[in-house]
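K.L.:
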Amino acid sequence: MARKAVKVRSRSSSSPRKRKSRSRDRDKTKAKRRKKKHRSTSSSGRSCQDSSSVVEVKKEDPALEEARKLQAQKEEKLIEEEVARRYDAELQRVFELRLTSIEHRELVKVKVEEEKTRLEAIMLKEVEETKAQILEEIAHKKQDEEEKEKALAEERKKEEEQKEVEQRKLLEQKAKVDEERLKELEQRQEAQRKERQHKAQEEQKKAAETSRLLNTKGQRAAVGFKLNSSVL
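Under our numbering, the first residue of the sequence shown carries the number 3, and numbering increases by one thereafter.
#1: Can you look up Thr119 in the DSSP assignment and give me helix, strand or coil?
#2: Between the alpha carbons of Thr218 and Lys201, how many angstroms are there, rounded?
#3: Mind checking Ser54: buried by the 16 CB within 10 Å criterion, or exposed?
#4: Report yes or no: is there a C-beta of chain B within less than 8 Å of the C-beta of Ala193?
#5: Using C-beta distances below 8 Å, list every residue in its chain close to Lys178, excluding the 5 sequence neighbours before and after it, in chain order.
#6: According to DSSP, is Thr218 helix, strand or coil?
#7: Return helix, strand or coil for Thr102, following the three-state DSSP convention.
#8: Determine the DSSP secondary structure at Asp63, reduced to helix, strand or coil.
#9: Suppose you measure from the CA of Glu83 to the CA of Val112; what does that come to, to the nearest Å?
#10: Express the C-alpha separation of Ala86 and Val110 in angstroms, rounding to a whole number.
#11: Leaving out five residues before and five after Pro64 in sequence, what residues of the same chain have Cβ atoms less than 7 Å from its Cβ?
#12: Do you know how far the Cα of Ser103 is from the Cα of Glu138?
#13: What separation, rounded to the nearest whole angstrom, lies between the Cα atoms of Lys171 and Arg195?
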């Protein structure tokens with residue numbers, strides 16, 4: 003009795019999967035038995051009918067034979083539908099039993115935790131990728147700004163150098179103009195000096211000539227005065 007109880011308990015504590023397979027096997031066995039029974043019944047009826055009157059079978063209406071075939075097909079179809087219905091019902095029962103079982107709940111809990119871990123890993127990966135993308139965009143933006151600043155600095159430097167060159171040219175031109183003006187001024191001053199010197203020389207000549215003439219007139223007057231005094 004104890005052994006029988008142990009066997010009963012072991013059967014009752016078997017897994018839903020085993021119970022499902024056993025019930026499926028039982029349904030298949032029942033269906034096979036029904037098919038065999040139906041075939042044996044139909045075959046025995048036919049054999050008796052054939053043995054009793056062979057002439058009647060030969061003269062049987064083809065419509066009746068077709069009707070029998072259709073009836074047999076309908077019965078087989080009904081049997082198959084019944085088997086399928088019972089199979090689906092058993093599946094539904096096992097499924098509902100598994101849904102309400104502790105093992106299924108634990109399995110669902112584990113699956114949920116695994117899915118949660120997987121989604122968290124995906125989210126962290128996406129966050130890291132987004133972060134890396136943002137940092138890369140910031141680095142590119144900074145590099146672009148530095149390149150722009152460098153280009154502006156070079157442009158300013160070129161402009162300053164150009165301004166210095168232009169200012170140098172202007173100063174050189176101004177120095178050249180000033181030098182030319184200075185030369186012209188020196189030439190004018192030299193011409194004026196020469197002109198003054200020439201005038202001074204001319205005046206000296208005139209003064210010398212005048213004094214010479216005056217000396218000549220004075221000598222003549224003195225000679226005349228001497229002559230007049232001697233006559234007296």
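We treat Cβ as the ideally placed atom computed from N, Cα and C, and that holds for glycine.
P.N.:
According to the data block:
#1: By one-based count along the sequence shown, residue 119 stands at place 117. The answer is helix: DSSP assigns Thr119 an H, G or I state.
#2: For the purposes of this step, residue 218 is taken as the residue at position 216 of the sequence shown. For the purposes of this step, residue 201 is taken as the residue at position 199 of the sequence shown. Distance between the alpha carbons of Thr218 and Lys201: 25 Å.
#3: Along the sequence shown, read from residue 1 onward, the residue named residue 54 stands at position 52. Because the pLDDT of Ser54 is 45, which lies under 50, any placement of that residue in the model is unreliable, and the question is left without a value.
#4: This model lacks chain B altogether; it includes just one protein chain.
#5: Reading the sequence shown from its first residue, position 176 is the one you call residue 178. Around Lys178: no qualifying Cβ.
#6: As a working note, residue 218 is residue 216 in the sequence shown. Residue state for Thr218 is assigned as helix, using DSSP reduced to three classes.
#7: Along the sequence shown, one-based indexing puts residue 102 at 100. If DSSP states are grouped into helix, strand and coil, Thr102 belongs with coil.
#8: Here residue 63 corresponds to residue number 61 of the sequence shown, with the count starting at 1. Three-state result, Asp63: coil.
#9: As a working mapping, residue 83 is identified with position 81 in the sequence shown. As a working mapping, residue 112 is identified with position 110 in the sequence shown. Using only the alpha carbons, I get a separation of about 38 Å.
#10: Working through the sequence shown from its first residue, we reach residue 110 at position 108. Working through the sequence shown from its first residue, we reach residue 86 at position 84. So the alpha carbons of these two residues sit roughly 29 Å apart.
#11: Translated into positions along the sequence shown, residue 64 becomes position 62. Residues of the same chain with a CB within less than 7 Å of the CB of Pro64, apart from the 5 flanking positions on each side, do not exist.
#12: By 1-based counting over the sequence shown, the position of residue 138 is 136. By 1-based counting over the sequence shown, the position of residue 103 is 101. Using only the alpha carbons, I get a separation of about 52 Å.
#13: For the purposes of this step, residue 171 is identified with residue 169 of the sequence shown, where counting begins at 1. For the purposes of this step, residue 195 is identified with residue 193 of the sequence shown, where counting begins at 1. Distance between the alpha carbons of Lys171 and Arg195 is about 35 Å.
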